[in-house]
Amino acid sequence: MSVLLVFVLNYTINAQNLSDSIYHDLDELVAEYPSLTAINTYQLKIEENYSNLKSDEERLALVIMHCNLGYYLKEYEKHYDAIQHYRKAWSLYNNYDLANYDIIEYCLKPLGNLLTITGNFADAENIISHYMKLAQSKKNEEAYTAGVINLSVVYHNIGNFHDALNLLENHLENGRVSESQKELIQNNIATNLLALQMNEEAQKKIESQKEISISSLKNKTQLLIKENELTAARSIFKEIELLLIEKGSPRQLAKFYVEKSSFHYAQLEKDSALENLNEALSLLLPNIEKQEVRKNKPLLYPENTFIEIFDAYAQYSEGLNRKLSYYDLSFHVEDLLMDKINDPQSQLIFQTSNRKRSEKCLQLLYQEFQKSKNDALIWKALSYAEQNKARVLKGSLNKKSLIDEYPNDSLLQFQQHLLKEQQSLIGKLVRKQFSNPNDRESKLNQEFIDLSFKISETQNLINEKYPQSDVKNKINCDSLQKQLKADDAQLLYFFFGDKDLFSFRIDHSIISWKKHRIDKGFKEDMAQFIRLFESPSLINNDIPHFVHQSFKFSQILGNDIDEKHRNLIIVPDGLLSFLPFEALIREKIDHKNFSNMPFWLKENTFSYNLSLEFYQQNQKDINLESFYGAFPIYKNTDRYLKSSEKEAEMLHKKFKGKIDQNENATKANFLENADQFDVLHLSTHASGGSFTVPAYIEFIDDVLLLPELYAQNLEASLVVLSACETGVGKIIKGATPMSLARGFHFAGVQNILMTQWKVNDFTTFNLMNHFYEDLQGNQSPSLAIQNAKTVYLEDKTISNLEKSPYYWAGFTYYGKPSTEDQNEFEFRYFFIIGLIVIMIWVGFYLIRRIQKHS
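Numbering-wise, the UniProt record's numbering puts 456 at position 456 of the sequence shown, and it's gapless, one number per residue.
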């Protein structure tokens with residue numbers, strides 16, 4: 001029976017006409033447990049008959065109907081349909097300020113739980129935080145405690161075990177908690193302690209629990225397995241199974257069978273492991289054979305238990321193709337789930353989960369390649385690696401490309417408007433967190449909830465209208481190699497996994513790859529090498545150490561680079577996103593003269609890319625006709641940027657455009673001008689942010705936060721970020737660092753020159769002066785920054801210590817590689833060949849004359 005039935009039967013308002021009709025339908029719905037067919041009938045009736053509501057009585061009746069439909073759909077495990085009804089109920093209830101209904105218990109709590117189950121963690125956190133605030137205002141301590149418990153589940157699912165523990169323990173210590181909720185809190189505390197490997201503390205919590213529940217039994221089983229008490233664990237498995245069968249949830253029972261299967265596999269009981277997996281799959285897809293699922297992906301739907309099942313099948317199976325086929329099914333289900341998540345932060349969290357699976361695919365293919373040496377295996381591995389690269393960014397740009405293709409589609413225009421509002425609102429929420437981190441701002445949270453609902457509805461309509469608009473990761477090896485040939489380039493592509501670093505080298509005719517084992521020492525060495533660039537003294541105080549480390553990583557990352565290609569394109573990953581490849585040294589040396597060191601910089605023109613897809617798509621010529629610069633300068637302060645003032649003067653002479661300096665370099669002026677110019681130049685202070693504070697760039701009056709930058713729609717050909725740490729940010733696996741540079745990519749800019757660490761003010765002016773001087777001539781940012789760095793190294797007026805890579809290697813260019821005019825290149829080539837031929841001919845002629853004279 002519905003949890004709302006008692007309320008419905010005792011509802012005593014004097015409802016007339018439409019509200020009477022809704023309540024009549026509701027009485028019919030809850031009279032007997034409805035079938036899915038009956039639920040669909042009532043859903044159609046709502047759309048057809050109950051769209052024109054005029055009174056609060058009618059609206060409240062429809063709220064209750066939506067909550068009941070959401071409840072039954074949740075019981076049938078139709079999670080996404082249930083979410084839609086709960087969202088509609090809350091939107092109606094909140095927008096019309098309705099009352100006399102426990103909206104927390106019957107709508108917001110189940111909505112938050114469903115959003116957590118489906119991986120919409122940001123939306124779940126906002127819903128839960130909002131009803132905690134609502135419960136506080138109503139002095140509803142039970143509902144507030146339920147919010148604490150459910151919020152801890154969100155934190156646990158995204159890996160914030162410490163935050164979950166702190167939340168639970170603080171509330172247990174300071175809040176009024178009923179005995180039943182205290183048991184739930186103790187159980188969640190034990191769950192997080194186990195996740196943190198704090199087994200002794202977890203055991204105390206488990207032993208102190210009075211009530212027996214499925215969750216507490218699962219925790220107990222996990223602890224017994226860790227202590228190798230397997231017989232006791234098997235006994236509790238049986239107890240859990242009986243409770244789940246009685247509960248009647250196919251999804252929860254399927255998850256249990258996956259856990260049980262893993263236990264049997266660990267005990268080398270493969271038949272029992274497969275039996276449990278088959279049982280799990282049959283619960284989610286009744287009457288469908290496993291072989292049919294492998295051949296028919298459309299049978300699958302967005303449910304994360306499928307991923308656990310197929311990953312396990314891959315682990316238990318024999319043979320490369322069979323293993324990869326199961327992993328492919330997991331990737332397919334992940335795509336289905338990602339399509340249902342509209343918040344970029346939740347997508348980034350979700351994206352990290354498929355990283356280990358991609359690494360396993362690469363390891364399997366590499367192992368097979370050692371036997372067959374078949375290049376097709378390398379291309380396949382590259383495809384698996386590519387699907388992890390900047391996936392969320394690809395999705396965002398894919399939406400923008402769709403509206404470019406259909407510019408007059410009002411639905412796509414509305415979506416872009418909503419997405420821009422979403423990022424702007426995230427910026428407001430971040431600012432609110434700065435000013436008062438303990439205040440869960442009710443109004444802003446509600447705006448975010450409403451906006452997420454609209455985005456979800458709009459995306460569903462777009463998916464129906466444009467079913468082929470999803471991001472796909474297809475690598476056309478022929479077109480890629482043709483493009484590399486046209487660019488006179490070779491490409492270094494990296495996948496930085498948990499256990500192995502895979503590097504691919506590709507040019508117009510060859511593809512190769514290698515694997516380097518990642519251990520704790522390797523990661524620490526690389527992190528220490530990157531930290532050498534945090535201060536000039538760290539390199540200059542021990543130049544031989546820098547040289548040794550630089551050569552060591554050069555051998556690991558690029559000892560097979562072919563120096564005949566003019567351009568070197570790098571697609572980094574993980575820690576390598578912070579590594580200055582130009583500062584690596586190709587050969588062993590025993591001197592300390594930076595000018596004469598064989599840096600990678602001297603052999604190639606560098607350009608970085610976030611993925612192969614971005615490299616292949618970035619084919620537009622770079623336009624440098626119009627220019628906008630923002631130079632706060634901060635004169636008469638301790639943050640004065642003296643060389644920034646010279647930069648502004650230099651650029652004013654070189655380019656036509658607009659420059660805002662001092663008090664005119666405001667955030668508002670930048671946002672007003674940013675979409676009107678080909679080149680944007682920002683010379684100011686900035687920060688790469690931290691794990692709690694997003695990256696930001698400063699203007700004279702305010703800061704531009706990374707989420708606010710996401711909300712922009714820019715068409716600039718080139719952005720130059722002449723500020724500190726514009727390429728630095730927190731790492732999320734499979735994504736580029738969460739930096740300002742990423743923000744400009746998100747906003748639509750393809751070519752960006754950025755900084756990796758705090759940049760010396762004088763050096764910045766020197767490099768920028770030569771960069772723009774060269775850029776005016778060759779129109780290539782990658783070539784211009786290479787020439788600027790080379791000129792800096794060769795400048796005899798600069799001391800050797802100031803030629804340390806700390807001073808010049810921080811500027812990194814992401815975008816289109818150098819495309820020197822082919823006719824000019826061919827002319828130079830044939831000119832040199834002709835000159836050599838003439839010199840040889842003249843030499844022979846002179847020798848013959850001398851011989852004849854003799």
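Where a beta carbon is used, it is the ideal one built from N, C-alpha and C, also for glycine.
Quick caveat: nothing in here was measured; it's all calculated off a predicted structure.
Close beta carbons around residue i, own chain, < 8 Å, minus the five adjacent residues each side
i    : result
Y327 : F310, D311, A314, R357, K360 and C361
T116 : A124, N150, V153, V154 and N157
N800 : K592, N593, F594 and S595
E259 : K218
A674 : Y628, L680, Q712, L714 and A716
Residues of its chain near residue i, where Cβ-Cβ distance is below 7 Å and the 5 sequence neighbours each way are ignored
i    : result
I341 : G119, N120, Q347 and F350
Q483 : Q616
S550 : A583, L584 and I585
N199 : L223 and K226
K428 : L444
K514 : S503
I39  : L69, Y72 and L73
K323 : A314, S317 and L364
Identified DSSP bridge partners for residue i
i    : result
E698 : V703
Q661 : F631
F614 : F614 is not bridged to any residue.
S410 : Beta-bridge pairing links S410 to no other residue.
Y814 : Y608 and I752
I585 : F599
M92  : The sequence shown places Leu at residue 92, not Met. Answer by DSSP bridge pairing: none, since L92 is not bridged.
N567 : A489 and T605
Three-state secondary structure assigned by DSSP to residue i
i    : result
S19  : helix
L718 : strand
E725 : For E725, the predicted structure reports a pLDDT of 48, less than 50, and the residue's modelled location is therefore unreliable. The matter cannot be settled from this model.
T755 : strand
Y144 : helix
F830 : With a pLDDT of 48 at F830, under the threshold of 50, the modelled position of this residue cannot be trusted; read the value that follows with caution. DSSP places F830 in helix when its eight states are reduced to three.
W841 : helix
A674 : coil
I189 : helix
T605 : strand
V153 : helix
A686 : strand
V693 : coil
I341 : coil
H681 : strand
I240 : helix
N636 : coil
V177 : coil
N593 : coil
L579 : coil
L53  : coil
I158 : coil
F533 : helix
M65  : helix
I426 : helix
Chain-order list of residues whose beta-carbon lies under 6 Å from that of residue i (same chain, five-residue window excluded)
i    : result
D702 : K667
S178 : none
L243 : I214
M526 : L575
key: beta strand (DSSP E) runs contained entirely in the stretch 461 to 519, provided each spans 3 or more residues   = Those beta strand (DSSP E) runs which fall completely within the stretch 461 to 519 and span 3+ residues are 489 to 496, 500 to 506 and 511 to 517.
key: Three CB pairs or more closer than 8 Å across the stretch 774 to 791 and the stretch 528 to 538   = Contact between the stretch 774 to 791 and the stretch 528 to 538 is absent: fewer than three C-beta pairs spanning the two stretches fall below 8 Å.
query = Between the stretch 445 to 459 and the stretch 493 to 513, are three or more C-beta pairs nearer than 8 Å?
reply = Taking one beta carbon from each stretch, the stretch 445 to 459 and the stretch 493 to 513 have fewer than 3 pairs nearer than 8 Å; the two do not touch.
request  = State whether the stretch 645 to 663 contacts the stretch 764 to 772, with contact taken as three or more CB pairs (one from each stretch) at a distance under 8 Å.
outcome  = As far as the Cβ criterion goes, the stretch 645 to 663 touches the stretch 764 to 772, which means the pair count is three or higher.
query = Touching or not, the stretch 539 to 550 and the stretch 407 to 423, by the rule of three or more beta carbon pairs under 8 Å?
reply = Verdict: no, contact absent.
message = Can you confirm whether the stretch 104 to 114 touches the stretch 81 to 92 when touching is taken to mean that 3 or more C-beta pairs between the two stretches lie within less than 8 Å?
response = Touching, yes, given that three or more Cβ pairs across the two stretches are closer than 8 Å.
request  = Check whether the stretch 627 to 645 touches the stretch 660 to 677, counting contact only when three or more Cβ pairs, one atom from each stretch, lie closer than 8 Å.
outcome  = Contact between the stretch 627 to 645 and the stretch 660 to 677 is present, because at least three Cβ pairs lie under 8 Å.
ask   = Taking the runs of the alpha helix (DSSP H) that are 4 residues or longer, which of them lie wholly in the stretch 250 to 332?
value = Counting only unbroken stretches of 4 or more residues, the alpha helix (DSSP H) elements lying wholly within the stretch 250 to 332 are 250 to 266, 270 to 284, 290 to 295 and 304 to 316, in sequence order.
key: Touching by the beta-carbon criterion (3+ pairs, under 8 Å), the stretch 250 to 258 and the stretch 275 to 288   = Judged by Cβ distances under 8 Å, the stretch 250 to 258 makes contact with the stretch 275 to 288, as three or more pairs qualify.
ask   = With a cut-off of 8 Å, do at least 3 Cβ pairs link the stretch 21 to 39 to the stretch 52 to 62?
value = Cβ pair count under 8 Å is three or more, so yes.
key: Three or more C-beta pairs below 8 Å linking the stretch 385 to 405 and the stretch 745 to 757   = Three or more beta-carbon pairs drawn from the stretch 385 to 405 and the stretch 745 to 757 are found closer than 8 Å, and the two stretches are therefore classed as touching.
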